[in-house]
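Taking it in order: structure first as structure tokens, then the write-up.
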Amino acid sequence: ASNALKLQSKWFKQILVKARHTKFGIDHHFGQITNYQDFSEAVPVRDYEALRPYIDLVVQGQQDILWPGLPKYFAKTSGTTSGVKYIPISHDSISNHFNTARDALFNYLTHANDFSSFSGKMIFFGGSPQLDNKNGILTGRLSGIVNHEVPSWLQSNRLPSFTTNCIEDWEDKLDAIIAETLNQNLSLIGGIPPWVQMFYERLLDKTGKKTVSEIFPTYSVYVHGGVNYSPYQSTLHELVGKKIWEVETYPASEGFFAYQNRPDDPGLLLNINSGIFFEFIPTDEIFNERPTRISLKDVEPGINYAILINNNAGLWGYNIGDTVEFTSIVPYKIRVTGRIKHFISAFGEHVISKEVDDAMREVCQATNTKIIEFSVAPRVNTLDGSPPYHEWFVEFEQIPENLDKFAAQIDALMCSKNIYYKDLIDGRILQPLQMNVLRKGAFQEYMKSIGKLGAQNKVPRLKNDRSMADALGKYVI
146 ASNALKLQSK WFKQILVKAR HTKFGIDHHF GQITNYQDFS EAVPVRDYEA LRPYIDLVVQ
206 GQQDILWPGL PKYFAKTSGT TSGVKYIPIS HDSISNHFNT ARDALFNYLT HANDFSSFSG
266 KMIFFGGSPQ LDNKNGILTG RLSGIVNHEV PSWLQSNRLP SFTTNCIEDW EDKLDAIIAE
326 TLNQNLSLIG GIPPWVQMFY ERLLDKTGKK TVSEIFPTYS VYVHGGVNYS PYQSTLHELV
386 GKKIWEVETY PASEGFFAYQ NRPDDPGLLL NINSGIFFEF IPTDEIFNER PTRISLKDVE
446 PGINYAILIN NNAGLWGYNI GDTVEFTSIV PYKIRVTGRI KHFISAFGEH VISKEVDDAM
506 REVCQATNTK IIEFSVAPRV NTLDGSPPYH EWFVEFEQIP ENLDKFAAQI DALMCSKNIY
566 YKDLIDGRIL QPLQMNVLRK GAFQEYMKSI GKLGAQNKVP RLKNDRSMAD ALGKYVI
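Going by this note's numbering, the letters in the sequence shown line up with residues 146 to 622, in that order.
Written out as structure tokens, the structure reads:
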């Protein structure tokens, strides 16, 4: 943390030198690059689709393409435009994934002065550890791959069993996990909030208990990441029934980027010494032909950036699709603000995930309202010819007494957060948002209907088309 810029410079040089004789390194003149300016001019910003010609060669089994040799694993994910994505994890980069998870826990619990969670069982919700062989490269979900890298000192404490973890159907798997954990001394749980909430609720239904802490008295640490936690927080607190430590992390198939290192600060410490050289682009320039690219030394707090990575698995100038904001630069700490691809701009409003998440969180806190999940899409063509609007689909824990007032409060906040949206509302190009209430379990049923019910899948908060909204229509109360 205290040597961030020096360490970033070290990794910049190391990964360039090691990859200079790869096909990518030769194509982009790595041998002639002497500084960051040279690099940013030689290596364009790419997402998966743009980098795919190189990745396809690696998938075919060709060596020395993006990184020396072949990857140790492919992390298999599903993309919206690319179909199945194969993210390389090299022998050099695998430590980034596991060691960062270790560091996140050790740092946090050291500051909390509480290591009691290591005396009990730990459960991490994730994908199947069964791996396929893709031209000699083991391939599977990242959470499944990590199962194969867990060190011996943690094996005896880990749940669920390998057999249970291999169950593909999420609901069958959840029942098996509950059967295995009910009589265990469970002290730590890791997983994204909607699926952990489902685990809690099914536990309580199965046992007849009122809180999770009655079932697991030693439960003390919840590790989460991947989605905005705030809409779930109050509900999960009630289900647990006592105060526990909550550790936020920022992992992805492409790397483990940041983690909350202390309980008194929600900022996520940027992982600057783990094989990744970071770059940033102001989000209002991300779609420009030549956006401003900066390294860590030039970032400023409070600005929304798209995050790029260059790593020791061979991802170069890689736009992972996330946006972040620095909460501190001494040390460098961030918070995740949304997804670049999760936006609505059907009318030029450029609404991003951070804005809808913050508006929902602030109104829920002010009105003591609890929600389960929500998603937003544009309604371009209205049946009565009235102006278009943003359509919100919300699954409430308890529906507000005055839904119109609740919706109006959110709309007012959206106007305060996004000047383009406000101008469209004021100019009556858009009418205020309209809110649909979905019946309980709607989002789980929807995710199941598209084959994405499971611990590693997340509900998109924003869609710039009607594909999801039209499907959610059948769940509207």
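Glycine is no exception: its CB is placed at the ideal position from the N, C-alpha and C atoms.
Legend entry - Simplified DSSP state of W376, which is helix, strand or coil: Start at 1 with the first residue of the sequence shown, and residue 376 comes out as number 231. A quick correction: the sequence has Pro, not Trp, at residue 376. Helix at P376.
Inset, instruction - Could you tell me the distance, in whole angstroms, from the CA atom of M580 to the CA atom of G462? - result: Here residue 580 refers to the residue found at position 435 when the sequence shown is read from its first residue. Here residue 462 refers to the residue found at position 317 when the sequence shown is read from its first residue. Distance between the alpha carbons of M580 and G462: 39 Å.
Legend entry - Contact belief for A458 with P216 at Cβ below 8 Å, rounded distance in angstroms: Along the sequence shown, one-based indexing puts residue 458 at 313. Along the sequence shown, one-based indexing puts residue 216 at 71. Indeed they touch by this definition, with Cβ atoms about 7 Å apart.
Inset, instruction - Have a look at L196 and L441 and give me their C-alpha separation to the nearest angstrom. - result: Numbered from 1 along the sequence shown, position 51 holds the residue referred to as residue 196. Numbered from 1 along the sequence shown, position 296 holds the residue referred to as residue 441. If you take the alpha carbons of L196 and L441, they lie about 23 Å apart.
Inset, instruction - Look at the Cβ atom of F270, then the Cβ atom of G335, and state whether they are nearer than 8 Å. - result: If you number the sequence shown from 1, residue 270 lands on position 125. If you number the sequence shown from 1, residue 335 lands on position 190. Yes. Within cutoff.
Inset, instruction - Determine the DSSP secondary structure at V87, reduced to helix, strand or coil. - result: The chain is shown from 146 up to 622; residue 87 falls before or after that span and cannot be answered.
Inset, instruction - Spatial neighbours of W156 within its chain, please: CB distance less than 6 Å, with the 5 preceding and 5 following residues excluded, ordered by chain position. - result: Here the question's residue 156 lines up with position 11 in the sequence shown. So the list reads F422, once near-sequence residues are dropped.
Legend entry - Residue span of the beta strand (DSSP E) that contains D467, given as start and end: The count along the sequence shown starts at 1 and reaches residue 467 at position 322. Looking at the DSSP string, the run of the beta strand (DSSP E) that includes D467 is Y463 to I474.
Legend entry - D237 - DSSP class collapsed to helix/strand/coil: Sequence index remark: in the sequence shown, residue 237 carries index 92 (1-based). In the structure shown, D237 sits in coil (DSSP, three-state: anything other than H, G, I, E or B).
Inset, instruction - Consult DSSP for A522 and reduce its assignment to one of helix, strand or coil. - result: Here residue 522 corresponds to residue number 377 of the sequence shown, with the count starting at 1. Looking at A522 - three-state DSSP - the assignment turns out to be strand.
Inset, instruction - Could you spell out the range, first to last residue, of the beta strand (DSSP E) harbouring H393? - result: To locate residue 393, count along the sequence shown from 1; it is residue 248. Going by the sequence as given, residue 393 is Glu instead of His. Per DSSP, E393 belongs to the beta strand (DSSP E) from W390 to A397.
Legend entry - Classification of I290 by the beta-carbon crowding that lies within 10 angstroms, buried from 16 upward: One-based indexing of the sequence shown puts residue 290 at position 145. Buried: at least 16 other Cβ atoms inside 10 Å.
Inset, instruction - Within its chain, find whatever has a CB closer than 6 Å to the CB of E518; leave out the 5 residues flanking it on each side and keep chain order. - result: Taking the sequence shown and counting its residues from 1, one reaches residue 518 at position 373. Answer for E518: E540, F588 and V604, listed in chain order.
Legend entry - Outcome for V621 when other beta-carbon atoms lying within 10 angstroms are tallied against a minimum of 16: Taking the sequence shown and counting its residues from 1, the one referred to as residue 621 is at position 476. V621 should be labelled exposed.
Legend entry - Whole-Å CB distance - I426 paired with Q153, under 8 Å assumed: Position 281 of the sequence shown, counted from the start, is the residue given in the question as residue 426. Position 8 of the sequence shown, counted from the start, is the residue given in the question as residue 153. Q153 and I426 do not touch by the CB rule: their CB atoms are close to 16 Å apart, not below 8 Å.
Legend entry - Selected residue, minimal CA-CA separation from P411, among Y477, P213, D571 and N547: For the purposes of this step, residue 411 is taken as residue 266 along the sequence shown, with counting starting at 1. Ranking Y477, P213, D571 and N547 by Cα distance to P411 puts Y477 first.
Legend entry - Residue nearest to A491 in terms of C-alpha spacing, selected from I516, V521 and V469: Along the sequence shown, read from residue 1 onward, the residue named residue 491 stands at position 346. Among I516, V521 and V469, the Cα nearest to that of A491 belongs to V521.
Inset, instruction - Would you give the residue range spanned by the beta strand (DSSP E) that N449 belongs to? - result: For this step, residue 449 is matched to residue 304 along the sequence shown. First-last of the beta strand (DSSP E) with N449: N449 to N456.
Inset, instruction - State buried or exposed for K387, treating a residue as buried only when at least 16 other CB atoms are found within 10 Å of its CB. - result: Taking the sequence shown and counting its residues from 1, the one referred to as residue 387 is at position 242. Exposed.
Inset, instruction - Measure the C-alpha to C-alpha separation of R438 and E424 and round it to an integer number of angstroms. - result: Residue mapping note: residue 438 aligns to position 293 of the sequence shown, counting from 1. Residue mapping note: residue 424 aligns to position 279 of the sequence shown, counting from 1. The alpha-carbon atoms of R438 and E424 are separated by roughly 7 Å.
Inset, instruction - For G493, collect the residues of the same chain with a Cβ closer than 7 Å to its Cβ; drop the 5 residues on either side in sequence, then sort them by chain order. - result: The residue you call residue 493 lines up with position 348 of the sequence shown. Here the set comprises Y565.
Legend entry - Where the alpha helix (DSSP H) containing S498 begins and where it ends: Start at 1 with the first residue of the sequence shown, and residue 498 comes out as number 353. Counting along the chain, S498 sits inside the alpha helix (DSSP H) bounded by residues S498 to T512.
Inset, instruction - Leaving aside the five residues before and after A187 along the sequence, list all residues of the same chain whose C-beta is less than 7 Å from its C-beta, in chain order. - result: For the purposes of this step, residue 187 is taken as the residue at position 42 of the sequence shown. Hits under 7 Å: H173, H174 and I178.
Inset, instruction - Indicate the three-state DSSP secondary structure (helix, strand or coil) for H256 in the structure shown. - result: Your numbering for residue 256 matches position 111 in the sequence shown. H256 falls in the helix class under three-state DSSP.
Inset, instruction - Taking 8 Å as the cut-off, decide whether the C-beta atoms of I485 and G466 are in contact. - result: As a working note, residue 485 is residue 340 in the sequence shown. As a working note, residue 466 is residue 321 in the sequence shown. In this structure, G466 lies closer than 8 Å to I485 by Cβ.
Inset, instruction - Put W298 into one of helix, strand or coil per three-state DSSP. - result: As a first step, residue 298 is located in the sequence shown; it is residue number 153 there, counting from the start. In the structure shown, W298 adopts helical secondary structure according to DSSP, grouped into three states.
Legend entry - Best match in V204, L558 and G285 for proximity to T222 [C-alpha to C-alpha]: Within the sequence shown, numbered from 1, the residue matching residue 222 stands at position 77. Just measuring C-alpha positions, the residue of V204, L558 and G285 sitting nearest T222 is G285.
Legend entry - Paired residues, beta bridge with F263 - DSSP: By one-based count along the sequence shown, residue 263 stands at place 118. When DSSP reads this structure, F263 sits in no beta bridge, so it has no partner.
Inset, instruction - Rank L569, V582, L558 and L413 by C-alpha distance to the C-alpha of H369 and give the top, closest one. - result: To locate residue 369, count along the sequence shown from 1; it is residue 224. With distances taken between Cα atoms, H369 lies closest to L413.
Inset, instruction - Compare the beta carbon distance of W390 and S365 with 8 Å and say whether it is the shorter of the two. - result: Numbered from its first residue, the sequence shown carries residue 390 at position 245. Numbered from its first residue, the sequence shown carries residue 365 at position 220. Yes, they are a contact pair.
Legend entry - Nearest to N513 (by Cα), restricted to the options A164, I431, V501 and E542: Locating residue 513 in the sequence shown gives position 368, where the first residue counts as 1. Comparing Cα-Cα distances from N513 to each of A164, I431, V501 and E542, the minimum goes to E542.
Inset, instruction - Work out the CA separation of Q208 and Q378 for me, nearest whole Å. - result: On the sequence shown, position 233 is the one that residue 378 refers to. On the sequence shown, position 63 is the one that residue 208 refers to. In a straight line, the C-alpha of Q378 is about 46 Å away from that of Q208.
Inset, instruction - Would you kindly report the start and end of the unbroken beta strand (DSSP E) that includes S332? - result: Within the sequence shown, residue 332 is the residue found at index 187, counting from 1. That run of the beta strand (DSSP E) goes L331 to G335.
Inset, instruction - For H166, count neighbouring Cβ atoms within 10 angstroms of its own Cβ and tell me buried if that reaches 16, exposed if not. - result: As a first step, residue 166 must be located in the sequence shown, where it is residue number 21. Counting Cβ neighbours within 10 Å, H166 comes out exposed, since fewer than 16 surround it.
Legend entry - Residues bridged to D277 [DSSP beta-bridge criterion]: Within the sequence shown, residue 277 is the residue found at index 132, counting from 1. Answer is T284.
Inset, instruction - Evaluate contact between the stretch 492-509 and the stretch 227-242, counting only Cβ atoms and requiring at least three cross-stretch pairs below 8 Å. - result: no
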